[in-house]
Every structure is written in structure tokens, then in C-alpha cells.
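Chains X and F, in that order, give the protein sequences.
In this text, residue positions in the first sequence follow numbering that gives the first Met the number 0: the first is 0, and each later residue adds one.
In this text, residue positions in the second sequence follow numbering that gives the first Met the number 0: the first is 0, and each later residue adds one.
In this text, a Cβ means the ideal position worked out from N, Cα and C, and glycines have one as well.
Being a predicted model, the structure only gives us computed values, none of them experimental.
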Amino acid sequence: MNRLLPFIAFMLLVALFGFGIWWNTQHDQNAIPSPLLNKPAPAFNLPKLYEPTQMVSKADLLGKPYLLNVFASWCIECGVEHPVLEAAGPSLGVRLVGYNYKDAPADAKRWLGEHGNPYDLLVADEPGHTAIDFGVYGAPESFLIDAKGVIRYKHIGPITPEVLAKELKPAIAAMLKETP
Amino acid sequence: MTPELGQLALILALLLALAQGVLPLIGAWRGNRALMAVARPAAAGQAVFVAMAFAILVWAFLHFDFSVQYVADNSNLELPWYYRIAAVWGAHEGSLLLWILILNVWTVALAAFSQKLPEVFASRVLAVMGLIAVGFLAFIIFTSNPFGRLLPMPGDGADLNPVLQDPGMTFHPPVLYTGYVGFSVAFAFAIAGLLGGELEQAWVRWARPWTNVAWAFLTLGIVAGSWWAYAELGWGGWWFWDPVENASFMPWLVGLGLIHAQAITEKRGSLRAWTILLSIFAFSLSLLGTFLVRSGVLTSVHAFASDPRRGVFILAFLTIVVGGSLLLYALRAPKVAGGKAFKLVSRETVLLIGNLMFAVAAAMVLLGTLFPLIGDALNLGRISVGPPYFGFLFPLLMLPVVLLMPFGPFLRWGKGEPAVLKSLLLRVSIAAAACAIVAAFFVDGQPKAIVGVAAATWIAIGVLLYVYKRWREVPRGRRYPAEMAGMLLAHMGLAVFVVGVLLSESLSVTSDVRMAPGQTQHIGSYDFRFDGAHRTTGPNWRADQGTVTVTRDRKPVTVMHPQKRTYLRGQVQTESAVDAGIFRDLYVALGEPMDAGNIEGAWSLRLYYKPFIRWIWGGGVLMMLGGFTCAADKRFRIKRAAAIADDVLVQEARA
């Protein structure tokens, strides 16, 4: 019996590790479920980045789906995501709306000048109040919003080629199939 | 095409490993010499194919083959060639390949140096090594292929984690793995011993140099890692009790116990079961470390990206290897307490207490590391224990080790003489007390520093007195055999280490300051003057570089250049400036500019004065040298098999 003790202790450890692996598959440490998913996007009214006198509201964008991409010039990860969005561009099949988040307009314009501008439309939220309604956790973050203004998909963090191919594109395809 | 050849080489290596793992075992069981003879050629062939796969991966990195996913993920066109080679083991897949390569190097060395061992025993040992390789090769082939393709091929890759772009980091993983994997040899010896059930005392002697070498490499790996963390992370700390550090520290502690337990078993024949158990534990903890780092069960700053499939695979492998060997231990471990008896006052007792402390300390570290997991399991929420837990318990457990250390060498095996102890106790106590009193004047009565000086003197005087005793009593040429010299070196290393830890912890001065160009800050007896920052560039980064001029009593000491680097892919990394010295380090890390738009202006800086911190690593290096020196002892060179058999019979008869 004495000599079996190390074996028994080890098996307890194995049980603990097995539990740990199971637990991790159940609880994604990075996923923050959005209560807004499949709910209407919050109403907003924001100035355009390049023409600050013109306002864009949620109603203006209804009728066609779009991908709302939260970015900022101070955000390092956005630089990682940017080339992916540029390459994807029109092949996405939806409009790409840039949401410039807590950024000085001059910095944002300089940044877009350096990195290129893949967006069909750019809105600026310098104070960051509207972003609170969207539950923005940090930049970059992307919301897929359908023609009726409902949030269909949300991604926190940069859109990598893998996320684009495995999550975003299927989500767009599913949405377009349902409500073209 | 070449990457596919690499994958093919791995598959062939797996088949050869299977042959090496299974056939010699059957041969040893049935007494079939042809099957036993498979072990060596299979091991050599496997090593050739693994080396080939490794070389192909290196080649892919050197030639920017971004069609290989792993290369594209971990390097880019601007990465200098030396970091492209280091990038081979910069992430999970490649580091696993390095693990396997090192396992093969150990196996080939074992095959070469075991020619004179009894045939049956040697083929069992090599077979166990083969089975370990089967597990790891299957792991890499089925879950972590480093040769996976990425199509279409990108024009440029991502980047090697900038944290790893440091000379210390290129060198740390291979050395550490050499240590980890090296414990597989002692493990293989123990399993072969259990399977055969004979030659108990003899195999321990053959295993000893291998254990010492593995432990020495592990020591060096940990020292390199600690030095790197100090130089690179910008916190000025040298040990963080992070799960990954703990993963390397647990096998180190058990390995330390094993070295001493093997000494007892080899010389006296006692504690056989304990030695076997420690051999199994040392390697099991190495595997456990691999599991913890790669399964994603614990989150840590330097854990590899995880995948539940990998976690399940390693857990299954761990269960088979460790569970299997512990079951074998339960069934076959020597039932009768063999060897020579020993009295309470004896070298065995002292070593045994040390052993117990090392084992308990390893268990304590394991418990602390697994706390977050236990918290989840018992539904207490995610709780983790940090430096307060380890920092309190570890020194407490090591106290008996430090106190007993001077007495170990002086005591005889079996039955020591209390009179010797008394005179020794008197001498080391007086020396320690005297040094502590003198030190108290220099360290402003800091209790921790005084304790450090006293403990270090206690150990060092014990070692020196023993050196003197041997010098006086033993004729020239036989005074310090390698085994003993190694022991003395390593023990001296502990004294140096204790000075480093306690003095640097108690006497360090840290200051987080805002400094405008031209401003001076007084720390310790040094004046740090900030001379502003400017832009600079390197091969694959640009940086803000500060200039700090240090003077002491108006005499110039050094000019330091801390940097804040931004790598190509946007990752930011601090590069601290360190002015190293035997008695003190000056350390400057650049924080943030006070005004983000104006790097010429004021910055936040972190300044440190760290006395004796080098002694921490110096002590580690001495311990490592001790391990290597011990292993070089002539006594461990294997005699011819026939001679061994006689030797064993004679020893058994004596026992």
C-alpha cells in the first residue's frame, strides 16, 4: 500500500489537470460575450472624420449591411490589422465603416495617410462617449451590422487573415444569405 | 519540397524510435541478442533523421521560406541571421523539435558510453529512451508540425517575439532543455533497474555522472534565464516565481535531492527505493513542466500559445510515462531495506534531512504553481499565490539545509563522532557571529543583510575547514578527488548565492523619477544625470535612447544608454542599461516621455543601485561547475561488464 502512494498522488494530479483542460475549453479566457449580439446597434450621431461638419447617424446607414471597424492611430494592434482590411477591401461584400476612437483628428489623418485608407466612410468619436454604448472594450474591435441595423457578429482584437477567413467571411456570407 | 522532407524525416525517426523502444525490451525479456542489438543502430538512425529535420527548419529560417507557417509566424526579412536561428526554438513547434534533438544527443551519448555495461541492462536503458522519443515524436507529428505550409505564401513574415531577441534568450532554452532532458537518463536507468530487478547498487553508480551533468546544465539554464529576465524585463528582478520558472525549478530541486540520494545509495546501498523514486520524480517534473507550459492549463507571461488538443495529448503521455513508472515502482521496488545501517549522528542522516527538505520544497512550489487550478476545481474562483507565499516558505524550508551543510562532509558514513561536531560547531558559530557583527556596521543594521553575511560565512567556513582538514590529513594527490572537489565547489556556490540574494534584496535602492535633461538624482553614493533622449535605429527596430551619466564624488563612473525599442511589427520592448560590477550593479530603465510628442524633454526613469546582485548568478555558476566537476570523477568510468558483475557480487556480499 505504501508503495502505491506516489501512484495514487500522481493520479489525483492527473485528474486535476484533466479538469483544467476541460475547464479551459469551457471558459475562453479572451471571449467577452457581448450582450449586444443579435440586438439592434445603439443609435449614434457622429461627425465624419474628413468633413467634421457633416454628421452620420445610425438611420443614415440603414438599408445596406456594413462592418464597423473601431481603430485609432495610437493603437499598435490596429497597425497589424490594417493591411488585412486593405487587402480584403471590396471583396468583403459589405461597406467598411471606420470608427476612429478617442483620437486627435490630425493624428488619425496622418496615420491613414501613412497606412492607406480602406474605409468607405469614416466617422470620428474623439470623446469616446458613443463607444460606451457599443460596449467597446478596446481598439481594434469590429461589429458586423446588417441592413436592419442589428449587430450580427463582433470581434475583439485585430482581424488577422485567419479571423477573416474562418469567422468574418462566414458571418458575412450567412448574413447576406438571410437578408441580401 | 524541402519542408516536406523535414516532415518525412520526423516520421522515419518515429518509426526508428518505435524499433528502439520495443525490440530491445522484447530481446532483454526473451534473451534474444539480435533484438537487443537493434537498440544502438536504431538510436543512431533516429538521431540522424531528427538532426536532418532540425537542419531543414534552420535552413527554412535562413532562406526566408515564408511558405512554412512556422517561419512566417516567427521571422521576417529584417530579422538578423542569428535571431533567425534562435527563432527556430522561439515558439512551441520548433522548441519541441529542439527538445527532441537534445533527447537524441543524450541517447547517442548514452549509446556510446554504455558499451561496457551488461548487454541486457544497456538495451533496457536505451529502449526506455526510445519510448520517451516515441511520445515526443508522435506529439510533434500529430499536433505540432513545424513544417506546416502557409498558402498563399506571404511576402514577409510576422516577427520573433521581441522579448526573445536577446543574446541571453538564444542561449537559455537549449541549455535548459539539455538539463530537463538529461534527467531522462537517470529515469531510464531507474526503469531498467526496476525491470531487471538486479544490479541495484551498480546502476546507481553508472547513473550518477549523468544526473550530475543534467543537473549542472539545468542550473546553467536557470541562471541564464534569471540573468536574462533581469537584463531584459526592466523590473530589475531576477526571479518572479512565475509558473514557467517554477516548472524548471521543481526538477532542479528534486535533481539536487537525487544527486545526494544517489551518493548514499551508491556508497552505502541504503535508500534504494528513495533513489528510484527521485529518479522517476526528477524526469516526471521535467515532463510536467513541458505540460504546464504547453497545455494552456496555466496562464503565464511566457506560456506558449495553447491548443486543448496538445494539452490532452501531453496529459495522456504524462499519464502513461509517469503513471506507468510509478506503478512499476509500486510492484517492483526493492521490498527489503537494504544497505548498511546508520546511526542518528551520521552523514546519512544529514543528507536525508537535506533530501527531505528539497522534496518538500519541490512539493511546496508545485502546490503554489497549481493553486489557480485548484481554485477552479473547488469553485473558489481564480486564486493565485505569488512571491509572498514562496518568499516566506522557501527560505524557511532551506534553513535546515544551510544549518546542516557544514557538518555533512565532516560526519562519517554510518556513525559520526559527536566530538568532531562540537568543535566544528564552535568554530563556524564564532566565525559567523564575528562576520555578522562586522557586517552590521556596513549595512546600517539591516537584519536581512546581517543574516545573509552570517549564513554565507557559516557555509563558507565549513567548506574551508573541510578543505584544510583534507590538506592536513590526506597525502598529496589524493586530497581532492573530482567528486569531492565538485561537492566543495557547489557548496561554496551556495554561500556566494546567499550573499547575493540577501544583500541585494536588503540593500538595493530603487527610484522611479521624472527627470528633465540636465537633472541629477542621487542614489546610493552615485549621482545619475539625465542628458536627454534621442531617436536611434537598429536592424529591425527603432528606439528612443536615453543618455545617463553616472558620477561618484564628482568622478565619472560610466555613461549608460537605456532604450525603449519599437520593433517592426509594433511591439515595444524596454532595453535596460546595466553597468555591472562585482560589488554592485547600476541599472537604468527608460519609462515614458512626460510629453508624448516631445522625446527631447523630460522622461520617467527607473534607477537602481543593486549591491552584490552578480553574486546570485556567480553562486549558480559555481554550483554548475561543481556538478560538472563531480561527473568527471574517474571512479564513475565504467569498467568492463565482467568486472562490473564481479564488483557487484563482491559489494552485495559485503552488504
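- The C-beta of glycine 147 of chain F comes no closer than 8 angstroms to any C-beta of chain X.
- Only Ile75, Glu76, Gly78, Val79 from the region 61-89 of chain X bring a Cβ to less than 8 angstroms from some Cβ of chain F.
- Annotation: asparagine 44 of chain X has no Cβ neighbours in chain F at a cutoff of 7 angstroms; minimum Cβ distance is about 30 angstroms.
- For glycine 322 of chain F, the residues of chain X that pass the 8 angstroms Cβ criterion are Phe6, Phe9, Met10, Val13, in the order they occur in the chain.
- Rounded to the nearest whole angstrom, the C-alpha separation of proline 79 of chain F and asparagine 160 of chain F is 13 angstroms.
- If one requires a minimum length of 4 residues, the alpha helix (DSSP H) runs lying completely within the region 39-123 of chain F are 68-73, 80-85, 91-112, in chain order.
- In chain order, Phe182, Ser183, Phe186 place their CB closer than 6 angstroms to the CB of phenylalanine 282 of chain F, counting only its own chain and leaving out the 5 sequence neighbours on each side.
- Per DSSP, the beta bridge partners of aspartate 578 of chain F are F:Leu585.
- Apart from sequence neighbours up to five positions away, the residues of its chain that approach leucine 506 of chain F with a beta-carbon distance below 7 angstroms are Val442, Gln445, Ala448, Pro610, ordered along the chain.
- Put simply, the region 140-158 of chain X touches the region 77-93 of chain X. At least three CB pairs are less than 8 angstroms apart.
- Boundaries of the beta strand (DSSP E) harbouring tyrosine 98 of chain X: 94-100, taken from the DSSP string.
- Between the alpha carbons of glycine 600 of chain F and aspartate 511 of chain F lies a distance of about 17 angstroms.
- Ranked by Cα distance from aspartate 543 of chain F, the options F:Arg564, F:Asp552, F:Ser524 are led by F:Arg564.
- Interface flag for threonine 24 of chain X against chain F is set, since a Cβ pair is found closer than 8 angstroms.
- According to the DSSP assignment, proline 387 of chain F belongs to the alpha helix (DSSP H) that extends over 386-403.
- Residue contact check for proline 307 of chain F against chain X: a CB pair falls below 8 angstroms.
- Considering only beta carbons, the part of the region 363-376 of chain F lying closer than 8 angstroms to chain X consists of Leu369, Leu372, Ile373, Asp375, Ala376, in chain order.
- For asparagine 539 of chain F against glutamate 77 of chain F, the beta-carbon gap comes to about 4 angstroms, under 8 angstroms, which counts as contact.
- Close to glycine 195 of chain F, with beta-carbon spacing below 7 angstroms, lies no residue of chain X; the smallest spacing is near 18 angstroms.
- Going by C-alpha positions, leucine 487 of chain F is about 14 angstroms away from valine 401 of chain F.
- With 16 or more other Cβ atoms inside 10 Å of its own Cβ, serine 294 of chain F counts as buried.
- Around the beta-carbon of histidine 91 of chain F, 16 or more other beta-carbon atoms lie within 10 Å, marking it buried.
- The beta-carbon separation of serine 122 of chain F and proline 23 of chain F, rounded to 4 angstroms, stays under the 8 angstroms limit for a contact.
- Interface residue (Cβ-Cβ distance to chain X less than 8 angstroms): alanine 358 of chain F is not classified as such.
- Of the other Cβ atoms in all chains shown, fewer than 16 fall within 10 Å of the Cβ of asparagine 378 of chain F; this residue is therefore exposed.
- Selection F:Gly154, F:Arg39, F:Asp632 evaluated against aspartate 64 of chain F yields F:Gly154 as nearest (Cα-Cα).
- Listed along chain F are Ser294, Val296, Pro307, Gly310, Val311, Leu314, each with a C-beta nearer than 7 angstroms to that of isoleucine 20 of chain X.
- Its chain contains Val37, Ala41 as the residues whose beta carbon lies nearer than 7 angstroms to that of alanine 18 of chain F, once the 5 sequence neighbours on both sides are disregarded; these appear in chain order.
- Proximity of leucine 3 of chain X to chain F, defined by a Cβ-Cβ separation below 8 angstroms, is satisfied.
- Between tyrosine 586 of chain F and serine 603 of chain F, the beta carbon gap of about 15 angstroms keeps them out of contact (Cβ cut-off 8 angstroms).
- Boundaries of the alpha helix (DSSP H) harbouring glutamate 504 of chain F: 481-506, taken from the DSSP string.
- For proline 333 of chain F, the closest C-alpha among the options F:Leu125, F:Val222, F:Met356, F:Gly192 is that of F:Gly192.
- In this structure, the CA atom of asparagine 116 of chain X is about 24 angstroms from the CA atom of alanine 170 of chain X.
- When DSSP states are grouped into helix, strand and coil, tyrosine 229 of chain F belongs to the helix group.
- Bounds of any beta strand (DSSP E) do not take in histidine 560 of chain F, whose DSSP letter is neither H nor E.
- When 7 angstroms is used as the limit between beta carbons, glycine 127 of chain X is near no residue of chain F, the shortest such separation being about 18 angstroms.
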